[in-house]
Amino acid sequence: MTSFVEVILPLPLSQTFTYSVPEEYAPLIQSGLRVLVPFREKTLTGVILSPVEGPPERIKSIRPILSVLDEAPLFSPSFLGFIFDLSRLSLTAVGELLKAAVPPEFLIKEKGGYKRLKMPTSEEIRLRFRKKFKEAEKIIGCLSEKKPHTWRFLCRQTQMNYPGLMALLSRMEKLGWACQEKRLQLPQRGKKASPPPGATQLSLGFPVTSELEPALNQVLEALFSQEFKPFLLLGSQGQREAFFLTLLNKWGAAAGNVLILTPDILGATTCGEKMVKIFGPKRVALLHAELASAKREATWQRIFRGEADIVVGPRSAVFAPLSKVRLIWITEESDEGYGHLEPAYDAREAAWLRAKQEGAVILYGSSAPSVGLYARAKERGFLLPLGEASLAPVRIVTSPSTGGKILSPEVREAIEQRLSRKEKIVIFLNRRGYASLIACPRCGQIALCPHCRRPLTLYVSRGKAVCHQCHYEEARWLKCPRCGSSGIEYRGHGLERVAEEIRRFWPQVRLSSLEAESAKGKKRRSAALKDWLSGRLDILIGTQFLLSSPGGTNLSLVVILYPEMMLAQADFRSGERVFQLIRRLQDEMASSSKSELLIQTAAPENYVFKALAKGGYEQFAAAELRFRRLLGLPPWQGLIQLTLSGQSLRGLARQARSLKEELEFSGERAEVLGPTVLPRMRRKNQVQILIKGKEREELVSRVYNLLKKKRVNYSAQVFY
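Reminder that position 628 of the sequence shown reads as 633 in my numbering, one-by-one numbering, no gaps.
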């Protein structure tokens, strides 16, 4: 009797596909195995979800699987259940999440290309293609009789779009002038990872006050019961780290299958090095996307085989192949780095789902957690305060209103004092480049990205104007391209302009900047950090990228310039983000008694800055939760942001109106705001709708079921 299986494919689809199983593979079939299957004209790697009793109705023929690739399943049923739960919660296709969970080396890819079989004459091409003669002649000229070329290569060479190119290539295949050649690219197999030499298990003697013993015992009890239990550790970075390591020490010989998630790769590397010193290199694995292909595969195999039972990594490590996770630690819950766009998921929520699916304990750590999680923790009784931390005092000063200067007299005086004492200074401004707007005052012309229609950012150091969305670049304006005026204005000061002013006041100062553009690549980032940590720099200026970097010792002054710019963003969480960012900078300074944090702002009466000056997260959270309750925002109501993208603005508006009508009509009434047209991004139009409802789970489920029926290109964000 023929057997059948449901297979998940690494495609942007939430549906599974049924395949028949040839007799020779029937004894091998298990949930979680990789299989090679035909899909349309391609061959893909899929994962068996489950065997099925019979073929689906209304399907005349079912194609067989081509091969079984594994002897043992790569994924457990609980892990596949976690993938489906995450798909529903994040409104992301199951296939895309599966692709994120499997290293690229484990997906057998089909490579294809087009070769020329015959070289036709110009007359033959003109006779067969007529109006498309020039395009067909270009394609024939680009094709080779020896080496196949991909459609991407041909599109670049001929300057044609994909549909037009494929239509002509199809006609050439029928004429016998060209053919498509396919081949399977087998996964590369790296050598077995050999851990570097290092320390073995050390004794951990962290001082934990008697007040924290009940909290430690509460977490330990949950660990030994092997049941799902969340906890929110509210305290400074040092307090949280001491609590976690003491917990592992008390857990003792049973400690294992631990997953540590950091906001970024730099933080994962630092944390991984600490874990290796404590537990030794054999037990610890560092897993992230910047590992070389062979090393990434070998590390994945080490974890899968159970050789490494403590895994450290950024958000993607939430998919690490630990057989049964016992403990998950989110080191800095307040960081935005846990959010992933393609595919869309939030590693903090994904970790919650995985812990729930596998019966694990999950620890969220932060000195200023998201107010949604804080409210949930207080309501459900899993908040664990770690005591008052010694934070650097906050002083608020008013920004200069005249004179064109960036730094106020109070900030300049504080910098002068620290430089005279040879103490370290950090200056924070969350705006890259020299200026955020390039404009001609004579005719009003503004430098805009031709693809996104967004203002370009000027980088004086590179002589370029750059779009941060699609990375388009053009030369710096010396004259207005419309009227020819040379009086170009640069508005909205960025890091380069701040550095220029600092050098004007203190010409001998040793200064460097650290932001996403200047810190691309491991070597440049490492060089900047090495100079800072070794004391070769007096002042380090940077954007939010600074939060990923170790502060070093003797950090005396942190200056935050114009944080109200972040409050002006069209995001209801902007106040929360500003508070979290400044509180994390305070954490970096906590080790020094002389430290001071200056906030230079044009809005000194804002409730965010007042709460920071008084030092209380609880005060800020109470005010923020009252504000959100009045406006019906999360966590009091569910909120989903759907962004549709495509070439036709009219088509997107039609799709958005259709979604809005169906959501408002179906079941319990949902409040749908929009549709609203957004600025173009990467040559595509965007339309956004917001969906609000009282019950988040019901709202997400309804939107998920509706999107499964629609053929729309969308990205979704679910707010908690």
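C-beta atoms are modelled at their ideal positions from N, C-alpha and C, and glycine is treated no differently.
- When the five nearest sequence neighbours on each side are left out, the beta carbons in the same chain lying within less than 8 angstroms of the beta carbon of isoleucine 411 are those of Pro405, His498, Arg502, Val503, Glu506 and Leu566, in order along the chain.
- Judged by DSSP in its simplified three-state form, threonine 126 adopts coil rather than helix or strand.
- Nearest to valine 402 by alpha-carbon distance, out of Tyr439, Val564, Val323 and Ala721, is Val564.
- As summarised for the segment 344 to 377, the continuous alpha helix (DSSP H) elements at least 4 residues long and confined to that stretch are 352 to 363, given in chain order.
- Following the DSSP letters along the chain, one finds leucine 647 in no alpha helix (DSSP H) but inside the beta strand (DSSP E) bounded by residues 643 to 651.
- Across the structure, threonine 274 and leucine 103 are spaced so that their CA atoms are roughly 25 angstroms apart.
- The alpha-carbon of proline 684 is positioned some 7 angstroms away from that of asparagine 690.
- Annotation: the continuous alpha helix (DSSP H) that includes tryptophan 156 extends over 156 to 163.
- Taking a C-beta distance under 8 angstroms as the contact criterion, serine 298 and glutamate 338 do not qualify as a contact pair.
- Per the C-alpha coordinates, the member of Cys448, Ser466, Arg467 and Val471 positioned closest to arginine 458 is Val471.
- Tryptophan 305: member of the alpha helix (DSSP H) spanning 298 to 309, first to last residue.
- Per DSSP, serine 425 is one residue of the alpha helix (DSSP H) stretching across 414 to 425.
- Per the coordinates, the alpha-carbon of alanine 397 lies some 41 angstroms from the alpha-carbon of isoleucine 308.
- In this chain, the alpha helix (DSSP H) harbouring lysine 714 covers 701 to 714.
- Between serine 720 and alanine 349, the C-beta spacing is below 8 angstroms.
- With a cutoff of 8 angstroms on beta-carbon distance, leucine 173 and glutamate 140 are scored as near each other.
- In this structure, the CA atom of threonine 155 is about 30 angstroms from the CA atom of threonine 23.
- Residues Leu237 and Ala382 of the same chain have their beta carbon placed closer than 6 angstroms to that of leucine 388, with the five preceding and five following residues left out of the count.
- For valine 99, the enclosing alpha helix (DSSP H) covers residues 99 to 106.
- A residue is called buried once 16 or more other Cβ atoms fall within 10 Å of its Cβ, and aspartate 351 is buried on that count.
- Shown here, lysine 151 sits in coil according to DSSP, grouped into three states, outside any helix or strand.
- Cysteine 445 is positioned such that its CB atom lies closer than 8 angstroms to that of arginine 487.
- Histidine 293 counts as buried, since at least 16 other C-beta atoms from the protein chains shown sit within 10 angstroms of its C-beta.
- Here the segment 628 to 635 makes no contact with the segment 649 to 659; the two share fewer than three CB pairs at distances below 8 angstroms.
- Valine 514 and isoleucine 544 do touch by the CB rule: their CB atoms are close to 6 angstroms apart, below 8 angstroms.
- For arginine 320, the CB contacts under 6 angstroms within the same chain, skipping 5 residues up- and downstream, are Tyr343, His345 and Ala352 in chain order.
- Contact between isoleucine 53 and valine 10 holds: CB atoms are separated by about 5 angstroms, below the 8 angstroms threshold.
- As far as DSSP is concerned, glutamine 20 takes part in no beta bridge.
- Runs of the beta strand (DSSP E) spanning 3 or more residues and lying entirely within the segment 571 to 646 occur at 601 to 606, in chain order.
- Ranked by Cα distance from glutamate 58, the first of Asn718, Lys484 and Ser25 is Ser25.
- In this structure the segment 309 to 318 lies against the segment 255 to 274, because at least three pairs of beta carbons, one per stretch, are closer than 8 angstroms.
- In this structure leucine 332 is not in contact with alanine 419, their Cβ atoms being roughly 43 angstroms apart against a cut-off of 8 angstroms.
- By alpha-carbon distance to phenylalanine 111, the top candidate from Thr50, Gly146 and Arg131 is Thr50.
- Secondary structure note for glutamine 223: its alpha helix (DSSP H) is the uninterrupted segment 218 to 230.
- A check of alpha carbon separations from valine 12 across Glu29, Ser72, Arg541 and Gln474 identifies Ser72 as the nearest.
- Annotation for phenylalanine 248: the continuous alpha helix (DSSP H) segment containing it runs 242 to 256.
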